[in-house]
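Everything below concerns the one structure shown next.
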Amino acid sequence: MLRYAVKRLGSLLASLVVASLVIFACIEVVPGDPASFMLGINAQPDTVAALREELGLNRAPHERYIAWVSGLVTGDFGTSYTYRSPVSEIVVERLAISLPLAVYALGLTILVAFPVGILAATRRGSLTDISVMATTQLGVAIPNFWFALLMVLVFAVNLRWFSAGGFPGWDAGIPAAVKALTLPAIALALPQASILARVMRSSLLDTLSEDYIRTARAKGLT
């Protein structure tokens, strides 16, 4: 068991190293100078050189890679030159909205997918099953952003049940915050619920076709 855990951990670490190398290489091969791009085409050469020194762009690629990975491991993601604040603080600030939104969407996904998948599996071949499969196929095919725009148009612009944009903050109260997150959560949950419902249906049908299920049914169990 210990050997298996160590092997899996080693595979995970190797995958992370390879992924970090690929990401760093993709950033490196992008044409252009980040310092020149940030300062604009009218920037003076000495100003560009100073910014390159500040960003560490003058160092060798392997040194920048080591510094980048070290920052990721220690939680130092650098400074955002757009917001003029540490990236870690920006991430934590955004998590106050993004994390509840993700949990909300996950809850909706489970709440919809499990009953729908079970219903389709227990009524295989019926009109209900066909309707579920068609609806979930549509849910998988529709892009999130298009579905989100459609919901905003219908429920925010026309019906005015929800706000078209913006987040009032948790200080406005939990009901107001949850209401503001409802449309984005539904847009995120739709494709995931469709996929999970289809997977649930397939898994249940495979289980219901097992020998022990047929034996139990032959004995009169339901």
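Numbering (the numbering used here), first residue to last: 86 to 307. A virtual CB, placed ideally from N, CA and C, is assigned to each residue, including glycine.
| Check | Outcome |
| --- | --- |
| Inter-stretch contact (C-beta, 8 Å, three-pair minimum) for the segment 137-150 and the segment 181-192 | no |
| Buried/exposed call for Ser279, threshold 16 Cβ in 10 Å | buried |
| Nearest neighbour of Ile281, chosen from Phe240, Gln129, Ile195, Pro171 [CA to CA] | Per the sequence shown, residue 281 should be read as Leu rather than Ile. Per the Cα distances, Ile195. |
| Which listed residue (Val263, Ser105, Leu98) has its alpha carbon closest to that of Gly188 | For the record, residue 188 in the displayed sequence is Val; it is not Gly. Of the candidates Val263, Ser105, Leu98, the one whose C-alpha sits nearest the C-alpha of Val188 is Val263. |
| Segments assigned beta strand (DSSP E), at least 3 residues, entirely inside the segment 144-207 | none |
| Complete beta strand (DSSP E) runs within the segment 197-256 (minimum length 3 residues, chain order) | none |
| Cα-Cα separation between Ser173 and Gly163, rounded to whole angstroms | 8 Å |
| Cβ pair Ser165, Ile151 closer than 7 Å | no |
| Helix, strand or coil at Glu138 [DSSP, three-state] | helix |
| Exposed unless 16 or more other CB atoms sit within 10 angstroms - verdict on Pro269 | buried |
| Start and end residues, alpha helix (DSSP H) containing Ser121 | 119-124 |
| Continuous alpha helix (DSSP H) stretch holding Lys304: start and end | Segment: none, Lys304 is in no alpha helix (DSSP H) and carries neither H nor E. |
| Three-pair Cβ contact test at 8 Å for the segment 199-217 versus the segment 285-294 | yes |
| Enclosing alpha helix (DSSP H) for Ser100 [first to last residue] | 87-113 |
| Continuous alpha helix (DSSP H) stretch holding Ala272: start and end | 259-293 |
| Nearest-angstrom Cα separation, counted from Ala261 out to Ser248 | 10 Å |
| With 16 other Cβ atoms within 10 Å as the buried cut-off, status of Arg286 | buried |
| Rounded straight-line distance, which links the Cα of Met123 to that of Tyr168 | 13 Å |
| Member of Leu180, Ser105, Thr132, Phe199 whose CA lies at the smallest distance from the CA of Arg149 | Ser105 |
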